[in-house]
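For reference, each letter of the sequence shown is one residue, going 2 to 232 in my numbering.
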Amino acid sequence: MPIIHDEEFGKITIRRSARASQIRVSVAPDGKLRASLPLYAPLFLVTRLLKASRDELRAMIVQSQPTELYESGMLIGKSHTLITRPSPNNSHKVWRYGQQIIVSLPSNSTLNDPEIKRELREVIISALRIEAKSYLPKRLSFLAKKYDYHYDRVRFSHASGRWGSCSTTGTISLNIALMKLPFELIDYVIIHELTHTRHMNHSHEFWTLVGHADPDYKAHKRALKQQSPSI
């Protein structure tokens, strides 16, 4: 898909659709902007819309952001800790060092200032991706062998509003935001997707197999609805 770069909003993914009758800009689950437009509409129309609608787009991005508030000392994922340090030059900086996510913070700023939060989110995504790639394939393989499931491969995402999915070819996609969840909910999602390798539906047979591997799946299903895959 084509991508245009905006100085303020960064990468914006372009999607053309035969069903689109006008240009629309929306916020994707990963927090970035995406534009949909008719098949033969020129790209400069997207750029023009961006320039004319910056205030509205800023408000849209703010409204779409997760409501989680960041605090120094909080755990990120399973193994990273968020810490703050006073800024030596009154400018902020966000980076990851080992298992720490560090924010150099000016005295008049907070972790939840929009610009700092945006940069912090990018580093958190990087940290969660590292954790996901280290933990999820091993856990997926373990549960597949334990319950005699077979899958083709695993891929990772964070740009989806779903915790996971399974394709008809046996590719299981897992959202790196799973690393925010308790381990029992991670297992529930993995078992759910593994079961789709046998039943590409949510039939009685599907839930029977899920229940065989996860007897508490109904409680886990309810608990998962209280969580958001957004980062």
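Where a beta carbon is used, it is the ideal one built from N, C-alpha and C, also for glycine.
Opposing strand residues paired with residue i [DSSP bridges]
i	result
Ser105	Arg86 and Lys94
Ala36	Ile15 and Val26
Asn176	Ser158
His81	Ile77
Check whether residue i and residue j have beta carbons under 8 Å apart
i	j	result
His81	Ile117	no
Glu132	Gly212	no
Met84	Gly74	The sequence given here places Ile at residue 84; Met does not occur at that position. Yes, the Cβ-Cβ distance between Ile84 and Gly74 is below 8 Å.
Leu186	Leu225	yes
Arg97	Ala128	yes
Gly32	Ser65	yes
Ser215	Asp188	Here residue 215 turns out to be Asp, not Ser, going by the sequence shown. Result yes, Cβ atoms of Asp215 and Asp188 sit closer than 8 Å.
Leu44	Val26	no
Ile210	Arg199	The sequence shown places Leu at residue 210, rather than the Ile named in the question. Cβ atoms of Leu210 and Arg199: closer than 8 Å.
Sequence-distant residues of its chain with Cβ nearer than 7 Å to residue i (five each side left out)
i	result
Asn176	Ser158, His159, Ser161, Arg163, Trp164, Gly165 and Pro230
His286	What the structure shows of the chain is the stretch from 2 to 232, and residue 286 is not part of that stretch, so it cannot be assessed.
Ile125	Ile77, Ile102 and Ile232
First through last residue of the beta strand (DSSP E) which encompasses residue i
i	result
Arg199	Neither: Arg199 is in no beta strand (DSSP E) and is coded neither H nor E.
His6	Ile4 to Asp7
Assumed close pair residue i, residue j - CB separation to whole angstroms, cut-off 8 Å
i	j	result
Arg20	Ala29	No, Arg20 and Ala29 are not in contact; Cβ-Cβ is about 18 Å, not under 8 Å.
Ile13	Ile24	Not confirmed; about 12 Å, so no contact.
Leu144	Ile103	The Cβ separation is near 34 Å, so there is no contact.
Leu112	Pro87	Rounded, the Cβ-Cβ distance is 13 Å, inconsistent with contact.
Asp153	Thr169	Going by Cβ atoms, the distance from Asp153 to Thr169 rounds to 10 Å, so no, they are not a contact pair.
Val95	Glu72	That belief does not hold up - the Cβ atoms of Val95 and Glu72 are roughly 15 Å apart, past 8 Å.
Ile232	Arg122	6 Å
Same chain only: Cβ atoms within 6 Å of residue i, ignoring 5 sequence neighbours per side
i	result
Gly130	The amino acid occupying residue 130 in the given sequence is Arg; Gly does not appear at that position. Hits under 6 Å: Ile177.
Ser18	Ser37
Glu194	Gly165, Cys167 and Ile173
Pro138	Val155
His197	Cys167
Asn91	Pro107
Neighbourhood of residue i by C-beta distance below 8 Å, restricted to the same chain and skipping five residues each side
i	result
Arg16	Met2, Arg35, Ala36, Ser37 and Leu38
Val63	Pro115
Ser22	Pro39
Gln228	Lys181, Leu182 and Leu186
Limits of the unbroken alpha helix (DSSP H) element including residue i
i	result
Ser166	Element bounds for Ser166: not the alpha helix (DSSP H) but the beta strand (DSSP E), Gly165 to Cys167.
Leu141	Pro115 to Lys147
Thr48	Phe45 to Ala53
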